[in-house]
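S.K.:
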Amino acid sequence: MFFLPLVSSRFFYFGSTFTKTIFFTTMVEITFVLWISQHSWKPQKFFSPFFVVVGIFFLSFIISYLTGVDMVQSLWSNYERMMGIWTLGHVFVFFIILSTSFNQEQDWAWMFRVMALSALVVSLVGVIQFFETGTSTRITSTVSNSAFLATYLLLSSSAPFILFIHGKKINAVSVGWFSVLTLILFVLVLTGTRGAMLGTGILFMVAALMFLFFGPSREATLGLSNTTAKKIVTGLFAISVLGVLLGVVFRGSLVNSSFNPLRRLASVSFSSPAVEGRVLAWRVGWEGWREHFLFGWGVGNYNILFDRYYDPRLVDQEPWFDRAHNFVVDFGASTGILGLFAYFALFVLAIRTARDAWRRGRVSFWVFVIVSATFTAHLFQSLFVFDTLSSLVVLFVLFAYIQGLSMEERGEFTQKKWTPQFFVYPALALMFLLFYLGTWKPAQESRVGLQGYQAFAAGQDARAKVLIEQALLYDTYGNIDVRRSVAEYVFDFLKAGGYSRTSSRVRNEDEMKGVIDYAIAKMEENIQERPMDVKWRMYQGQLYNLGAIIFSEPNQEFARAAEQRFLESRELSPGRPQIYLEIAQARKIQGNISGMWEILDDGTRLAPTYRAMHYNALAHAIDLKDLVREKKEIEYIYRSEAFPDYRTITEAYFRAGRFGDAVRVQKDHIAQKEPGLGKEYKNEEIAALYKDLAALERGAGNKVGARDAALRYGELMPEKRAEVEAFLRSLGF
1 MFFLPLVSSR
11 FFYFGSTFTK
21 TIFFTTMVEI
31 TFVLWISQHS
41 WKPQKFFSPF
51 FVVVGIFFLS
61 FIISYLTGVD
71 MVQSLWSNYE
81 RMMGIWTLGH
91 VFVFFIILST
101 SFNQEQDWAW
111 MFRVMALSAL
121 VVSLVGVIQF
131 FETGTSTRIT
141 STVSNSAFLA
151 TYLLLSSSAP
161 FILFIHGKKI
171 NAVSVGWFSV
181 LTLILFVLVL
191 TGTRGAMLGT
201 GILFMVAALM
211 FLFFGPSREA
221 TLGLSNTTAK
231 KIVTGLFAIS
241 VLGVLLGVVF
251 RGSLVNSSFN
261 PLRRLASVSF
271 SSPAVEGRVL
281 AWRVGWEGWR
291 EHFLFGWGVG
301 NYNILFDRYY
311 DPRLVDQEPW
321 FDRAHNFVVD
331 FGASTGILGL
341 FAYFALFVLA
351 IRTARDAWRR
361 GRVSFWVFVI
371 VSATFTAHLF
381 QSLFVFDTLS
391 SLVVLFVLFA
401 YIQGLSMEER
411 GEFTQKKWTP
421 QFFVYPALAL
431 MFLLFYLGTW
441 KPAQESRVGL
451 QGYQAFAAGQ
461 DARAKVLIEQ
471 ALLYDTYGNI
481 DVRRSVAEYV
491 FDFLKAGGYS
501 RTSSRVRNED
511 EMKGVIDYAI
521 AKMEENIQER
531 PMDVKWRMYQ
541 GQLYNLGAII
551 FSEPNQEFAR
561 AAEQRFLESR
571 ELSPGRPQIY
581 LEIAQARKIQ
591 GNISGMWEIL
601 DDGTRLAPTY
611 RAMHYNALAH
621 AIDLKDLVRE
631 KKEIEYIYRS
641 EAFPDYRTIT
651 EAYFRAGRFG
661 DAVRVQKDHI
671 AQKEPGLGKE
681 YKNEEIAALY
691 KDLAALERGA
701 GNKVGARDAA
711 LRYGELMPEK
721 RAEVEAFLRS
731 LGF
């Protein structure tokens, strides 16, 4: 179970998350049957205050499920997250099994060893990845996400830390565990996750301060008297503070460091777009939480809240948020004040329980310190990231350890009071049923559905549709993601240039229409199954808009359907500027030009600084020969942006056949960038601009200008001499 982060498969959608989850739930179900056949226990002794809080925490999920806005999504979640009540319930069972099965200190010592070795293996994979990719890439190891990897490693670092500091003296064993701890933290830094890096600093700061202020002076640490150890820790603490101060002073230099984690850490700023975007997202979560303050929107339903209260200033950030990236907003919005209170109480009571255990002599002072510091650091990093299953399992291992400390008698659970063998067969039958419904069917649907997606990618449309339909026959919570994959395949295919009116890499027009029609039908099914999720209406609207314009004849029916879907989307998520752009496109195809300008003006009032709104308005004005609107938009763009998107403007003029204007804008683009040649820009980048200019000059009928631009292209790219000469011959030179 502790090697869960290493589990992954390329045979399923979201192969890392989904595979880890079905492996975990299967192992928990098998273990539960074995556990119930072996354990008899006295329930009245088990219900400690800490267990009651854990129970309230999971009870808040059930309450939010019953009172939330989408019960199915709360129960199962989806392939991408796999954090519904189904998974969380297995975590709760895992917690009970673990806390009742490990009754002695040596049991937990072995548990911590396995946990540390698991993190070591994950870290070694990360180190290999680091040497393969270099310092500019954030490593992900086997977790497939750098932030999730960092969260897992921060919690897991508690195991080698405890094993290292528990040594009676410095020897080969303690040095070994210290090396494991160092490697884990080094890989954590390589993830470039700023919240986790700051959390690591808090972990060691809290541990140092607790030792300095509360460490028993008469005891020893690693063979050193605590009096001597405190002097060493004081020195290390002072050096660390000095290092932080120097980092602040020389922050400007660190921001330009070639070491990506250091550069990211130095770039932390409350005014940075990333931080501003995160704060805006938290505000959205708070606005939604207020609507369902007591019990929340339901586990897994944060995306519905986010859509409804979407802030248009988030348009340049992540478009889809299904978690708040802040435990206060996340648990508050999903499970209400009850769930948030229970979650926070878990950490407070865990630290208090560890303190009481230390005072009673059941654990060492350092176990109390490390547990407290780890929980504090995790709470801090949870202000910026959220747990996945890999980190959640480690967290509840630590909670199970705390539960063991909270009980008065260690051997309570092995004392036979009755033999509940009559529970075994019903439990076994229940396990098979749960495995079939929650693991086998979703796994088969995911496997076959992915084969369907791959068949589309190979151009085997008929086979792809058969496989997709076969997958959907399993009829599980994965239906949404299987259908989603069809639409996203179309988007990815077209984005990669897979189809145009003049040429196609894989499909002709009829085949492309068939794929788009099929994707539209699948999105209709998603809309029926998840009517409150705006994403599927927007996906279908995009497909309609694409189908209306990419083929040889504009499709008015598709344009009307696109407008209708996006008008519905606006009702569900009125703050999304993208919706206004799509409605404008649909109305233009229908010839409703006044309606197009009306919706664009509405969008501009909603998001006045959104670049795409103005560039789209400019492109429409150029295409429709609306010189007044064209002048207004071009003046706004040039006035408000230090670095306008010249390429977009040039392409708009080019499509309208206004080559002279396209040439003028392209020259502006070159004039802006060429002074940075050899500094900010490479020869290839500037040469590409001259190559485009040569083509535009030829289109404008200016052969001399085309020749001069081509010659400049040849100067910058001498190896392209033959290409330049061929172009000049085509001009008649």
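Numbering (the UniProt record's numbering), first residue to last: 1 to 733.
Backbone N, C-alpha and C define an ideal beta-carbon position, used for all residues, glycine too.
Quick caveat, the model's predicted, so the values are computed rather than measured.
On the DSSP bridge list, what partners appear for Thr221?
M.R.: For this step, residue 221 is matched to residue 221 along the sequence shown. As DSSP reads the structure, Thr221 sits in a beta bridge with Leu224.
S.K.: Roughly how many angstroms lie between the CA atoms of His378 and Ile30, to the nearest whole one?
M.R.: Walking along the sequence shown from the start, residue 378 turns up at place 378. Walking along the sequence shown from the start, residue 30 turns up at place 30. Answer to the nearest angstrom: the Cα atoms are 30 angstroms apart.
S.K.: Using a C-beta cutoff of 9 angstroms, does Gly243 count as contacting chain B?
M.R.: In the displayed structure, chain B is absent; only one protein chain is listed.
S.K.: Put Tyr638 into one of helix, strand or coil per three-state DSSP.
M.R.: The residue labelled residue 638 in the question sits at position 638 within the sequence shown. Three-state result, Tyr638: helix.
S.K.: In angstroms with no decimal places, state the Cα-to-Cα distance between Thr476 and Lys441.
M.R.: The residue you call residue 476 lines up with position 476 of the sequence shown. The residue you call residue 441 lines up with position 441 of the sequence shown. Approximately 7 angstroms between the Cα atoms of the pair.
S.K.: Going by DSSP, what residue range makes up the alpha helix (DSSP H) through Ile184?
M.R.: The residue you call residue 184 lines up with position 184 of the sequence shown. It spans Ala172 to Leu190 - the alpha helix (DSSP H) in which Ile184 sits, taken as one unbroken run.
S.K.: What's the gap between the Cα of Glu571 and the Cα of Met71?
M.R.: Stepping through the sequence shown from its first residue, residue 571 is reached at position 571. Stepping through the sequence shown from its first residue, residue 71 is reached at position 71. Spanning the two alpha carbons is a distance of roughly 22 angstroms.
S.K.: Measuring alpha carbon to alpha carbon, tell me which of Val663, Met197, Ala220 and Ser390 ends up nearest Val268.
M.R.: Residue 268 sits at position 268 when you count from the first residue of the sequence shown. Here the closest residue by C-alpha is Met197.
S.K.: Suppose contacts are defined by Cβ-Cβ distances below 9 angstroms. Is Phe18 in contact with Ser446 by that definition?
M.R.: Sequence index remark: in the sequence shown, residue 18 carries index 18 (1-based). Sequence index remark: in the sequence shown, residue 446 carries index 446 (1-based). Cβ distance < 9 angstroms, so Phe18 and Ser446 count as in contact.
S.K.: Does the segment 546-555 come within contact of the segment 572-579, defined as at least 3 CB pairs closer than 8 angstroms?
M.R.: no
S.K.: Taking its Cβ as the centre, do 16 or more other Cβ atoms sit within 10 Å of Gln73, making it buried, or is it exposed?
M.R.: Indexing the sequence shown from 1 puts residue 73 at position 73. With a 10 Å radius around the Cβ and a threshold of 16 neighbouring Cβ atoms, Gln73 comes out buried.
S.K.: Short check: CB of Ala357 to CB of Phe50, under 9 angstroms?
M.R.: Within the sequence shown, numbered from 1, the residue matching residue 357 stands at position 357. Within the sequence shown, numbered from 1, the residue matching residue 50 stands at position 50. For Ala357 and Phe50, no; Cβs fall outside 9 angstroms.
S.K.: Can you name the residues that DSSP bridges to Tyr681?
M.R.: If you number the sequence shown from 1, residue 681 lands on position 681. Note: Tyr681 sits in a beta bridge opposite Leu677.
S.K.: Between the segment 397-407 and the segment 10-26, do three or more beta carbon pairs fall short of 8 angstroms?
M.R.: no
S.K.: Candidates Val7, Phe32, Glu674 and Val33: which alpha carbon is nearest Thr21's?
M.R.: On the sequence shown, residue 21 is found 21 positions in, with the first residue counted as 1. The shortest C-alpha separation from Thr21 is found at Val7.
S.K.: Closest by CA to Leu338, which one among Ile622, Lys631, Ile62 and Ala229?
M.R.: Against the sequence shown, residue 338 aligns to sequence position 338. Among Ile622, Lys631, Ile62 and Ala229, the Cα nearest to that of Leu338 is on Ile62.
S.K.: So, with DSSP's three-state summary, where would you put Ala496?
M.R.: The residue you call residue 496 lines up with position 496 of the sequence shown. Three-state result, Ala496: coil.
S.K.: Only counting the same chain, and skipping five residues up and downstream in sequence, which positions put a Cβ closer than 7 angstroms to that of residue 734?
M.R.: Because the chain is modelled from 1 through 733, residue 734 falls outside the range shown and cannot be assessed.
S.K.: In whole angstroms, what separates the C-alpha of Ala722 from that of Tyr615?
M.R.: Here the question's residue 722 lines up with position 722 in the sequence shown. Here the question's residue 615 lines up with position 615 in the sequence shown. Looking at the two C-alpha atoms, the distance is approximately 37 angstroms.
S.K.: Considering only residues of the same chain and omitting the five flanking positions on each side of Ala354, which have a CB-CB separation below 8 angstroms?
M.R.: The residue you call residue 354 lines up with position 354 of the sequence shown. The residues are Val363, Val367, Phe368, Val371, Ser372, Ile402 and Leu405.
S.K.: Going straight from the alpha carbon of Ile184 to that of Asn260, what length do you get?
M.R.: Counting from 1 along the sequence shown, the entry for residue 184 is found at position 184. Counting from 1 along the sequence shown, the entry for residue 260 is found at position 260. Distance between the alpha carbons of Ile184 and Asn260 is about 18 angstroms.
S.K.: Quick one, are the C-beta atoms of Ser99 and Asp107 less than 9 angstroms apart?
M.R.: Position 99 of the sequence shown, counting from 1, holds the residue named residue 99. Position 107 of the sequence shown, counting from 1, holds the residue named residue 107. Against a cut-off of 9 angstroms, the Cβ pair of Asp107 and Ser99 comes out as no contact.
S.K.: Ordered along the chain, which non-local residues of its own chain (more than five positions away) have a Cβ less than 8 angstroms from that of Gly199?
M.R.: For the purposes of this step, residue 199 is taken as the residue at position 199 of the sequence shown. Taking C-beta separations shorter than 8 angstroms and ignoring five residues to either side along the sequence, the partners of Gly199 in its chain run Leu154, Ala377, His378, Phe380 and Gln381, following chain order.
S.K.: Verify whether the separation of the beta carbon atoms of Thr374 and Ser118 is less than 9 angstroms.
M.R.: Along the sequence shown, one-based indexing puts residue 374 at 374. Along the sequence shown, one-based indexing puts residue 118 at 118. No, they are not a contact pair.
S.K.: Specify the secondary structure class of Tyr310 as computed by DSSP and reduced to three states.
M.R.: As a first step, residue 310 is located in the sequence shown; it is residue number 310 there, counting from the start. DSSP places Tyr310 in coil when its eight states are reduced to three.
S.K.: With a floor of 4 residues, list each alpha helix (DSSP H) that falls wholly inside the segment 502-529, ordered by position along the chain.
M.R.: 509-529
S.K.: Please report how far the alpha carbon of Thr388 lies from the alpha carbon of Ile593, in whole angstroms.
M.R.: Reading the sequence shown from its first residue, position 388 is the one you call residue 388. Reading the sequence shown from its first residue, position 593 is the one you call residue 593. Approximately 48 angstroms between the Cα atoms of the pair.
S.K.: Beta-carbon separation of Ala281 and Leu314 under 9 angstroms?
M.R.: Mapped onto the sequence shown, residue 281 falls at position 281. Mapped onto the sequence shown, residue 314 falls at position 314. Contact flag set, yes.
S.K.: Just the Cα atoms here: how many angstroms apart are Arg278 and Val284?
M.R.: Along the sequence shown, read from residue 1 onward, the residue named residue 278 stands at position 278. Along the sequence shown, read from residue 1 onward, the residue named residue 284 stands at position 284. Distance between the alpha carbons of Arg278 and Val284 is about 10 angstroms.
S.K.: Following the continuous alpha helix (DSSP H) through Tyr401, name the residue where it begins and the one where it ends.
M.R.: The sequence position of residue 401 within the sequence shown is 401, counting from 1. Run containing Tyr401: Leu389 to Leu405, per the alpha helix (DSSP H) assignment.
S.K.: To the nearest angstrom, how far is it from the Cα of Leu236 to the Cα of Leu209?
M.R.: Residue mapping note: residue 236 aligns to position 236 of the sequence shown, counting from 1. Residue mapping note: residue 209 aligns to position 209 of the sequence shown, counting from 1. Computed Cα separation, rounded: 12 angstroms.
S.K.: Alpha helix (DSSP H) containing Met27: first to last residue?
M.R.: Position 27 of the sequence shown, counted from the first residue, corresponds to residue 27. From DSSP, the alpha helix (DSSP H) with Met27 extends over Gly15 to Gln38.
S.K.: Quick one: any contact between the segment 621-638 and the segment 329-337, if contact means 3 or more CB pairs under 8 angstroms?
M.R.: The segment 621-638 vs the segment 329-337: no contact.
S.K.: Which residue wins for smallest C-alpha separation from Tyr580, given the options Trp597, Phe211 and Ala662?
M.R.: The sequence position of residue 580 within the sequence shown is 580, counting from 1. The shortest Cα separation from Tyr580 among Trp597, Phe211 and Ala662 belongs to Trp597.
S.K.: Counting C-beta neighbours from all protein chains within 10 Å, is the total for Asn256 16 or more, i.e. buried, or is it exposed?
M.R.: By 1-based counting over the sequence shown, the position of residue 256 is 256. Result: exposed.
S.K.: Which of the three DSSP states, helix, strand or coil, is assigned to Asp692?
M.R.: For the purposes of this step, residue 692 is taken as the residue at position 692 of the sequence shown. The answer is helix: DSSP assigns Asp692 an H, G or I state.
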